[in-house]
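Visitor: In the numbering used here, each residue carries its 1-based index in the first sequence increased by 737. Think of the CB as a built atom: it goes at the ideal place given N, C-alpha and C, for glycine as much as any other residue. Structure incoming, see below.
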Amino acid sequence: MKTRNQPKRHRKSTGEDDMIEKCGHDTKTNGTLANTSREGVNKFLKYGARSSRRSKRQNDDTCDNDSVNKVEVPATPTGPNTTTTGPSCDNESPQQVKSESDDLAADSYWEDGSNPNLTSDNDHLNQINKGITIEFDSSPATAKRKPVRRASAEEKEVAELVHRAHLLCLLGRGRLIDSACDDPLIQASLLSLLPANLVKLSTVTNLTVDALTPLVHWLNSHFRVRSSSSEILFRLGLASALETHEGAPEEIAALSVAMFRALNLSARFVSILDVVSLKPNVDESDDTLQGKKPRKGLFDSSTVMVTQPNESSSPSSKPSSIIDMANIALNNIKNASEASPKASRKRKVKKLDQITSQEMSNDRKMDVCEPGTSEGSKRKGDIEFEMQMEMALAATAATTSEHNIDNDAKSLNTLSDFSPFKKLKKVNCEESTGVSTAVGSKKIGAPLYWAEVYCNGENSTGKWVHIDAVNAIIDGEQRVEAAAAACKTFLRYVVAFAGQGAKDVTRRYCAKWYKIASHRVDSSWWDAVLRPLKDLESGATGGTSRLSDNSNASAVRDNNNTRNSLEDMELETKALTEPLPTNQQAYRSHHLYALERWLTKYQILHPKGPILGFCSGHPVYPRACVQMLHTKERWLREGLQLKVNELPVKVLKRSVKLNKGKSYGVDEDGENDCVGPGGDINLFGKWQTEPLCLPPAKNGIVPKNERGQVDVWSEKCLPPGTVHLGFPRIFAIAKKLEIDYAPAMVGFEFRNGRSFPLYNGIVVCTEFKDIILEAYAEEEERRGSEERRKHEAQALSRWYQLLSSIVTRQRLNNRYAEGIEHPSNIIPKTNDKVIHTSTSKESMSHQANDEACQQEVLLKPYEEEDHEHVFSTNDSTCDVESSIRIKRCHCGFSIEVEEL
DNA sequence: TTGTCATATCGAACTTTGATCCCT
DNA sequence: CAGGGATCTTTGTTCGATATGACA
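Structure below.
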């Protein structure tokens, strides 16, 4: 039988509780053994209970899965397993407990898990076992339950910092890829591969999705996807992908962008920034989940693409030259162009659906070898993060010395010998699954990279069109979210890169913003990061069109501005027109909509309408109607006061406990206070308030509150004509000058379960400010000098004490010390006088070293016992530099002192 | 199997206007 | 004796995010 020291987590009766109860019941029915066990367990638990709350918590964390306190009852012959004792999770190991308790020492056989007395008697054992229920630690129900531990504020902060750093790294990576897409050499090479009919795209005035289809198809059929890049430097990787017609998904996507740009189309490189979670421990659980159920993506059509029996794309039949490649491409385009663009588009969608079902069903069949699994002790997230950092560094290196790519590559290769990137790369290269694994992402097969091309022939105003060359999907922006979700990739940040800039276009691809909003970083920080990048991006998209000559430049710029503002409007509109969620929980923190039932205590709907729809019969209101309510006092803090005759819009019942010992009442003048007659809390909305209008200072008198002070929550709370002087001891000056003042209460400090006001300086009428400050400065100066004087006096006094003690000590030493060391030298004294064995000429010089004072004092013993040293000023010398003065007595005794 | 809902749990935030003793 | 500083002790309630289980 095993008993666990399990913290109470649920009030509900669980299976374990039932089992324990059953055990308890059973032990009652059992004889002495069960009772003995129970006693022992209780003793053990008593010791366990001594551990601090913290250690208890640790136990919860570390031991729940294995169950704590594996106390073994010796008489349970359930095989070898029952005799094994796991690592004790308690602070005090059983051994320690044993050493501390004689009683337990007597029961030490528990640890052995065997009792020779009992094991020798099998019949007896069998008899006992009939009545004992054995509970295994590793019962499925127990193992399934995860320990519940919330992340602390510190952990959250760290997670957010990591999240931000990761975001910046990914932004850097995106910019690097974007700049590689602008490489004229790569663009020219791509153009040289392109069949003549596709090159005509560059002259199309009204670009449409259909016009782009053959080009996308050509790209898709000419480049195959492999799991990872073979090059560390992205530009080299891109060149290599161009050469071999094979590359990582991001390289293929980048090549497509480069191709579009080569054709003078406005194109962006778009990427999901698959960043580590903003919340602590989320990724870990994801990993474990992934470990159990590796998923392959919806868009793993790349895998299909790899396995396509396409001769031109098979590695064995790698084209030997660009001309060969171009010819093959031409043939492919001929085949592809047989079908109409619309038909091919439909086919793609159909293909996608097929893959979806196929891949989903394969989910549990395939074991995908993931990078990082061979890392052993190092966490996958750590490796990924380091890798991203490596990439960012590489990006920096690339942008700063683009001309020395080869050198950089060499140096980076050397560097990579020691970097986790290389490890990962090796792992990736060893992979034989051929599954598209996005570099820097643990998610497999998710659509992480694609292009956006501006089609001025779409809509009336033109639009940015999603083009995924890796998966040959055109204008499939609505499908990205679902595809990413299918691959367990959170679509939190979708960023479009162009012209070394970046723009957040998540709204375009995310239909359910409320699901990702809480997983995104603080928007003000993110906006600040993107602001300069957005400008770069908007300046580049279309503005750098090589078609435009100088005369058209301004027109193009205007056009771009319109285009950008139109896109901003489009994204904004999308943000404001999100469909109503169907589940009620979504309304809890929805940025657009609200249900009345999910409002908090301090919220209210004002105005209550319009009703935008219904969810499970509950009316849905705009989130803008949700207003915060505060008490009158709380509004005062924000520099607002209640309008006259405003009644509280909500009254909260104060808890019974709080009411005890406190008597609440109405104000003397009968006004509505924040606390009502029955201890209720009256709440008001902002619309019931107006800017604070405090009585102004008159005749040098500061208007004070009922406590004779001024609450200075902010500058707004100061009565007109007054000023806050937040200096210590300044009240004394005002008092001295007989100027009216009020203590400035600036907040509360919570101590001993109660809060106490914190004061900082005073509030005085503005006209006295200068006088008081002047007097304060003088007073402080005076106080400072007084303090210095006191300090010096104190120092002198301490010196005097020190020296006196040294002299006394020396005197005692002279009188007794030698006698102790050489007792034979001490001559029996007469009249309490000591006759020294040393002569007066052999005067000793003792050095007293007092560390506390860091002073050296040279002392000369004197012969005359009752002599009192006199240090005349004539006999002293002073070293000006070191401020050391040597004072001498006429007897020859000298002393070094430091002048203060 | 998945989505929805209700409920339990727990970390974090909020709460809010002394008393007494001793030294100078 | 007045005034100022140090010390006492270390809450209890509520909110809201999230885990969990029931149920459709």
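(1) Can you have a look at V895 and say buried or exposed, based on whether 16 or more other CB atoms are within 10 angstroms of its CB?
(2) Beta carbon of D1241, beta carbon of L1267: below 7 Å?
(3) Using the Cβ count rule (16 or more neighbours within 10 Å means buried), how would you classify V1607?
(4) In or out: C918 buried (at least 16 other Cβ within 10 Å) or exposed?
(5) When the distance is taken between beta carbons, is I1348 closer than 7 Å to V1386?
(6) Just checking, does the segment 891-908 make contact with the segment 1258-1266 on the three C-beta pairs under 8 Å criterion?
(7) Would you say D1212 and V946 are within 7 Å of each other, going by their C-beta atoms?
(8) In angstroms, rounded to a whole number, what distance separates the CA positions of D1477 and I1438?
(9) For a test of the three-state rule: what should DSSP assign to R1519, helix, strand or coil?
(10) If N1419 sits next to T1368, beta carbons under 8 Å apart, how far is it from one beta carbon to the other, in whole angstroms?
(11) Does DSSP put C1192 in a helix, a strand or coil?
(12) Classify S1522: buried if its beta carbon has 16 or more other beta carbons within 10 angstroms, exposed otherwise.
(13) Quick check on this structure: which residue in V953, L1373, S1609 has the alpha carbon closest to the alpha carbon of K1453?
(14) How about L928 and A999: do their beta carbons lie closer than 7 Å?
(15) Let me check understanding here. Comparing Cα to Cα, which of V1190, H903, E1518, Q1425 lies closest to L1379?
(16) Thinking C-beta only, is A1220 closer than 7 Å to N957?
(17) Am I right that F1468 and I1499 are in contact with their C-beta atoms under 8 Å? What's the rounded C-beta distance?
(18) Checking 7 Å against the spacing of the C-beta atoms, do V1012 and I989 come in under that value?
(19) Determine the burial state of K1200: buried for a count of at least 16 other Cβ atoms within 10 Å of its Cβ, exposed for fewer.
(20) How is N1497 classed by DSSP in three states: helix, strand or coil?
(21) Is the segment 910-925 touching the segment 979-998 in the sense that three or more CB pairs, one from each, lie closer than 8 Å?
(22) Taking 6 Å as the limit between beta carbons, can you name the residues of its chain near R1244, skipping five residues before and five after?
(23) Can you give the beta carbon distance from L1329 to R1360, rounded, assuming they're within the 8 Å contact cut?
(24) Alpha carbon to alpha carbon, what distance is there between R912 and P690?
(25) If we ignore side chains and look at the alpha-carbon of each, how far apart do G1463 and I1470 end up?
(26) Any idea what DSSP makes of H1327, helix, strand or coil?
(27) Does DSSP put N1301 in a helix, a strand or coil?
(28) To the nearest angstrom, how far is it from the Cα of N1301 to the Cα of F1485?
(29) Using CA atoms only, rank isn't needed, just tell me which of L905, N1320, E1511, Y1246 is closest to Q1644.
(30) Rounded to a whole number of angstroms, what is the C-alpha to C-alpha distance between E1475 and S1326?
(31) With distances taken from CA atoms, which of Y1191, Y1324, H1355 is nearest S1275?
(32) Can you give me the C-alpha to C-alpha distance between V1202 and V1357, rounded to a whole angstrom?
(33) Go through its chain and collect everything with a Cβ distance to P1184's Cβ below 7 Å, but skip five positions before and after it.
(34) As a quick exercise: from E1427, C1626, D1616, pick the residue whose alpha carbon is nearest that of S1609.
(35) Assign F1630 to one of three DSSP states: helix, strand, or coil.
(36) Tell me the DSSP secondary structure of A1235 in three-state form.
Guide: Reading from the atomic positions:
(1) The residue you call residue 895 lines up with position 158 of the first sequence. Exposed, since its Cβ has fewer than 16 Cβ neighbours within 10 Å.
(2) Reading the first sequence from its first residue, position 504 is the one you call residue 1241. Reading the first sequence from its first residue, position 530 is the one you call residue 1267. The answer is yes: Cβ separation under 7 Å.
(3) Within the first sequence, numbered from 1, the residue matching residue 1607 stands at position 870. Result: exposed.
(4) Residue 918 sits at position 181 when you count from the first residue of the first sequence. Its Cβ being crowded by 16 or more others within 10 Å, C918 is buried.
(5) Position 649 of the first sequence, counting from 1, holds the residue named residue 1386. Position 611 of the first sequence, counting from 1, holds the residue named residue 1348. No, they are not a contact pair.
(6) yes
(7) One-based indexing of the first sequence puts residue 1212 at position 475. One-based indexing of the first sequence puts residue 946 at position 209. Yes.
(8) Your numbering for residue 1477 matches position 740 in the first sequence. Your numbering for residue 1438 matches position 701 in the first sequence. Computed Cα separation, rounded: 6 Å.
(9) By one-based count along the first sequence, residue 1519 stands at place 782. Three-state DSSP puts R1519 in a helix.
(10) Here the question's residue 1419 lines up with position 682 in the first sequence. Here the question's residue 1368 lines up with position 631 in the first sequence. With 8 Å as the limit, N1419 and T1368 qualify as a contact, their Cβ atoms being about 7 Å apart.
(11) Your numbering for residue 1192 matches position 455 in the first sequence. Residue state, collapsed to three classes: strand.
(12) Locating residue 1522 in the first sequence gives position 785, counting from the first residue. S1522 is exposed by the Cβ-count criterion.
(13) Counting from one through the first sequence, the residue named residue 1453 turns up at place 716. Taking only the C-alpha atoms, the option nearest K1453 is L1373.
(14) Translated into the one-based positions of the first sequence, residue 928 becomes position 191. Translated into the one-based positions of the first sequence, residue 999 becomes position 262. Contact flag set, yes.
(15) Walking along the first sequence from the start, residue 1379 turns up at place 642. Checking every option, the nearest Cα to that of L1379 belongs to Q1425.
(16) Counting from 1 along the first sequence, the entry for residue 957 is found at position 220. Counting from 1 along the first sequence, the entry for residue 1220 is found at position 483. No.
(17) On the first sequence, position 731 is the one that residue 1468 refers to. On the first sequence, position 762 is the one that residue 1499 refers to. Right, their Cβ atoms sit about 5 Å apart.
(18) Numbered from its first residue, the first sequence carries residue 1012 at position 275. Numbered from its first residue, the first sequence carries residue 989 at position 252. For V1012 and I989, no; Cβs fall outside 7 Å.
(19) Counting from one through the first sequence, the residue named residue 1200 turns up at place 463. So K1200 ends up on the buried side.
(20) Position 760 of the first sequence holds residue 1497. In the structure shown, N1497 sits in a strand (DSSP, three-state: E or B).
(21) yes
(22) Counting from one through the first sequence, the residue named residue 1244 turns up at place 507. The answer, listed in chain order, is L1308, K1311, A1312.
(23) Position 592 of the first sequence, counting from 1, holds the residue named residue 1329. Position 623 of the first sequence, counting from 1, holds the residue named residue 1360. The Cβ separation is near 5 Å, so the contact holds.
(24) Because the chain spans 738 through 1637 in this model, residue 690 falls outside it and cannot be assessed.
(25) Taking the first sequence and counting its residues from 1, the one referred to as residue 1463 is at position 726. Taking the first sequence and counting its residues from 1, the one referred to as residue 1470 is at position 733. So the alpha carbons of these two residues sit roughly 13 Å apart.
(26) Locating residue 1327 in the first sequence gives position 590, where the first residue counts as 1. Here H1327 sits in coil by DSSP.
(27) Residue mapping note: residue 1301 aligns to position 564 of the first sequence, counting from 1. Helix at N1301.
(28) Taking the first residue of the first sequence as 1, we reach residue 1301 at position 564. Taking the first residue of the first sequence as 1, we reach residue 1485 at position 748. Taking the straight line joining both Cα atoms gives about 50 Å.
(29) The first residue shown for the chain is 738 and the last is 1637, placing residue 1644 beyond what the model contains.
(30) Within the first sequence, residue 1475 is the residue found at index 738, counting from 1. Within the first sequence, residue 1326 is the residue found at index 589, counting from 1. Taking the straight line joining both Cα atoms gives about 56 Å.
(31) Taking the first sequence and counting its residues from 1, one reaches residue 1275 at position 538. Among Y1191, Y1324, H1355, the Cα nearest to that of S1275 belongs to Y1191.
(32) Looking up residue 1202 in the first sequence gives position 465. Looking up residue 1357 in the first sequence gives position 620. Straight-line Cα distance between these residues: approximately 33 Å.
(33) What you label residue 1184 is simply residue 447 of the first sequence in a count that begins at 1. Excluding positions up to five away in sequence, the list reads F1036, D1205, N1208, V1217, A1220, A1221.
(34) Walking along the first sequence from the start, residue 1609 turns up at place 872. Here the closest residue by C-alpha is C1626.
(35) Counted from its first residue, the first sequence places residue 1630 at position 893. Correct three-state label for F1630: coil.
(36) Numbered from its first residue, the first sequence carries residue 1235 at position 498. Correct three-state label for A1235: strand.
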